[in-house]
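**Student:**
Chains as they are written, first to last, in the numbering used here: chain A, 1 to 234; chain B, 235 to 602.
1) Run the CB neighbour count on residue 324 (chain B), radius 10 Å, all protein chains shown included, and call it buried at 16 or more, exposed below.
2) Measure the C-alpha to C-alpha separation of residue 599 (chain B) and residue 302 (chain B) and round it to an integer number of angstroms.
3) Per DSSP, residue 480 (chain B) is paired with what?
4) Got a sec: is the Cβ-Cβ distance from residue 43 (chain A) to anything in chain B below 9 Å?
5) Going by C-alpha to C-alpha distance, which of A:125, A:218, A:8 sits closest to residue 158 (chain A)?
6) Give me the chain B residues within the contact set of residue 144 (chain A), using Cβ-Cβ distance strictly less than 8 Å, ordered along the chain.
7) Would you tell me roughly how many angstroms separate the C-alpha atoms of residue 203 (chain A) and residue 13 (chain A), rounded to the nearest one?
8) Taking 9 Å as the CB-CB cut-off, is residue 11 (chain A) touching chain B?
9) Could you tell me which of B:565, B:533, B:558 sits nearest to residue 545 (chain B), measuring between CA atoms?
10) Report buried or exposed for residue 245 (chain B), applying the criterion of at least 16 other Cβ atoms within 10 angstroms of its Cβ.
11) Per DSSP, which one or two residues make a beta bridge with residue 530 (chain B)?
12) Pairing CB atoms from the segment 23-37 of chain A with CB atoms from the segment 194-211 of chain A, are three or more of them under 8 Å?
13) What residues from the segment 221-233 of chain A come within 8 Å of chain B, judged by C-beta to C-beta, listed N to C?
14) Under 9 Å, CB to CB, which of the residues in the segment 302-321 of chain B have a partner in chain A?
15) Thinking C-beta only, is residue 114 (chain A) closer than 9 Å to residue 152 (chain A)?
16) Would the segment 261-276 of chain B and the segment 372-385 of chain B be scored as touching if the rule is three or more Cβ pairs under 8 Å?
17) Please list, in chain order, the residues of the segment 260-291 of chain B that have any C-beta partner in chain A closer than 9 Å.
18) Identify, in the order they occur along the chain, each residue of the same chain with its Cβ nearer than 7 Å to the Cβ of residue 172 (chain A), setting aside the five sequence neighbours on each side.
19) In three-state terms, what does DSSP make of residue 235 (chain B)?
20) If we ignore side chains and look at the alpha-carbon of each, how far apart do residue 9 (chain A) and residue 215 (chain A) end up?
21) Would a check of beta-carbon distances place residue 118 (chain A) closer than 9 Å to chain B?
22) For a contact meaning CB atoms closer than 9 Å, what does residue 124 (chain A) contact in chain B?
23) From residue 547 (chain B) to residue 560 (chain B), what distance separates their C-alpha atoms?
24) Unbroken alpha helix (DSSP H) runs of length 4 or more, entirely within the segment 313-370 of chain B: which are they?
25) Just tell me which of B:519, B:523, B:527, B:528 has its CA closest to the CA of residue 535 (chain B).
26) Quick check on DSSP: helix, strand or coil for residue 538 (chain B)?
27) Spell out whether any CB of chain B is found under 9 Å from the CB atom of residue 16 (chain A).
28) Name the chain B residues that come within less than 7 Å of residue 133 (chain A), Cβ to Cβ?
29) What are the boundary residues of the alpha helix (DSSP H) that residue 144 (chain A) is part of?
30) Under a Cβ-count criterion, where at least 16 other Cβ atoms within 10 Å of its own Cβ denotes burial, should residue 52 (chain A) be classed as buried or exposed?
31) Does the separation of the CB atoms of residue 374 (chain B) and residue 356 (chain B) fall below 9 Å?
32) Taking DSSP as the reference, what is the three-state secondary structure of residue 273 (chain B)?
33) What does the alpha-carbon distance come out to for the pair residue 349 (chain B) and residue 428 (chain B)?
34) Leaving out five residues on either side along the sequence, give the residues of the same chain with a beta carbon under 7 Å from the beta carbon of residue 35 (chain A).
35) May I ask you to verify whether the segment 433-441 of chain B touches the segment 522-541 of chain B, counting CB pairs closer than 8 Å and requiring at least 3?
36) Mind reading off the beta-carbon distance from residue 423 (chain B) to residue 391 (chain B)? Whole number of angstroms is fine, and I expect it under 8 Å.
Pasting the structure below:
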C-alpha cells in the first residue's frame, strides 16, 4: 500500500468527523440565531448572565465542558436520564454525543458571528417592512435573515472548523471509540500514541489542512458573491 | 375622513395632536424641525404607541386607548414613505416595489404596478439593486413601494429632505402627479414651504407638539397674522390659474382677477397651475405707472390694512380674489391708503411662482 493512501480506520475517522461536525453546525444554527437575536435585539433582566453562559465554552478548559456534559447528559445525568426515558435518546459514548460536544464548544463562536451580523442590520429597514404589511415573523424571514447571510456563512464556517478540531470535550464525554466517536483529532492523537503511527498521523494532518483551507475559501467566495449582489453587480 | 386625536409624552417633550384629514387630497403637516411632526405620523402608522387617544381611518379604528384597540403597523393599511427611503438592499427594484403588494389580497388592490412604474418613470431601473440608484431614484422606488400596498392613507415624512435642490425639483412633479392620479389621501410632513405650496390642499401647522392651526392652504396662506406666528411660512396669495397662451418670452395665465404675465414656462394652453404670489413681491400704486418694468398692473381695491409692530404693513386688496401686499408703514403714510380706495397692484413677473406641480385645480372653483 502506498504511503499516501488512507487506512480504513483513517477513512472512518474522516467520515465521522465530517458527519459529526455537519450535524453539530446544522442543529446549532437555529438555536444560535435565536440566542443571537435575543442578545442583539432585546433587553431583559439576566441578559448578562445568559451572555456569560453562552461564552463559557470559549473560556473554560474543554475537558471541564466534557466532564460537565458527562455529568449532566450521561445516561444517569439529570438531563440525560430525562432524554432517555422520554425520548429514547442517548448521547453518551456515541456519535450524537460527539456532535453535541462539538456543537457546545462551537456555539459561542457561532453566536458571536451571528450577533455581530444582526447588530449590523438597520432595524429601520425592518420597520419599513412592517409598514408594507409584513408581520414580525415574515419580516424576519424575508428581510433580517437574508441580510445576515454573510454572518451566517462566517458563523457556520467558524463553528464547523471548531467542531472539526474538537478534542477535549469529546474524548471526556464520549470517549475514543473507533467508528463511533473517534473523530479526526482523536484518531490523530491515537496514532501518535502507537509505534509506526507517524505515517497515519501525517496523512490526517494533511487532510485537516485541506479541509480547513477548502472551508475558508468556500466561505470567502460565498460572502464575496453576496456582497457583490448587494452592491448591485452581477 | 381621517381623525387623529392622540397624546404622547416622550421624556420632557409631549405631543398633543388633534386633526382631521379630508378623505382625499394632500394634507401637509408643517412646522419646524423638532415640532413633533414625525412622532405624530409614527403614531398614525403604528410605529409609536400613543398614551391616550383615538385614530380612525374611514370608519376603521386603528387605535383606541379606551377600547384597547391597537392594530400593529402591518394591519393598518397605511403606506409610509420614509425620509431615508429604506429600500431593501438585498432585493431588486422590482422586488422592492412588489414586496408589500403581495401581502394585499387582490380584491383590495387598486393600484396597478405597471401604471405606477410608468408614472414614476422607473421602468429602466426594475432589475437594479438599490445600492446602484441615485437618491432621487431611490425615493421614487420608495414611493412606488408604499403606494403599491393600495393603502387607505399614504404618509410621507419629508421625502425630499435628504435630496439636493436639483433632485428635489426632479421628484416634486412625480409626487404631484401621484396626488392627482390617485384618490388616496396623503399626509405630507415637511418644513419646506415650496413643497407645501406645490403639493398641499390642506395645511396643518404644528409647533412644539401641538397643532396651532389647520385649514385649507389658501385660507392659511392669506392669513397674515399666522405668518408672524410661524416662522418659515410665507404669506401671500395662492390661487388657481389656467395657461392661456404664450407671448414672446412670457406666459399668460388666466385667473379669477384677470390675466397674469409670468416668465415663459413649458406648459401647454389649458394646463392648470397653482400660483403663489408672496406678499413682499406686490407693490401698490395710486395711478397706473406709464412706464415701468412691472409686467402685471392690476386694478385693485384696498380691503383691509394691518400695521405690524415691525415697521411693516400688510395691505389686503381685492382683485377678484384676495391679494396681500407687504409694504413699509412709511409707504403706507405716503400713499395715504384707506380701505375701499381704488389702487393698482403691481407685480413683477419674476416675483410670481407658478407651481406646475399639481395640475388639477383644488379648493373648488376653476378659473374661467
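We put the beta carbon where it would ideally sit given N, CA and C, even for glycine.
**Tutor:** Judging by the given coordinates:
1) buried
2) At residue 599 (chain B), the pLDDT of 39 sits below 50, so the modelled position is not reliable; the number obtained from the coordinates is stated separately. In a straight line, the C-alpha of residue 599 (chain B) is about 43 Å away from that of residue 302 (chain B).
3) B:485
4) no
5) A:218
6) What residue 144 (chain A) touches in chain B: nothing, since even the nearest Cβ is about 10 Å away.
7) 12 Å
8) no
9) B:565
10) exposed
11) B:581
12) no
13) 229, 230, 231, 232
14) 306, 307, 308, 309, 310, 311, 312, 313, 314, 316, 318, 319, 320, 321
15) yes
16) no
17) 279, 280, 281
18) 63, 66, 67, 70
19) coil
20) 23 Å
21) no
22) 316, 318, 320
23) 6 Å
24) 327-333, 347-353
25) B:519
26) strand
27) no
28) 308, 334, 337, 338, 383
29) Taken as a continuous stretch (DSSP letters only), residue 144 (chain A) belongs to no alpha helix (DSSP H), as it is neither H nor E.
30) exposed
31) yes
32) helix
33) 27 Å
34) 54, 111
35) no
36) 5 Å
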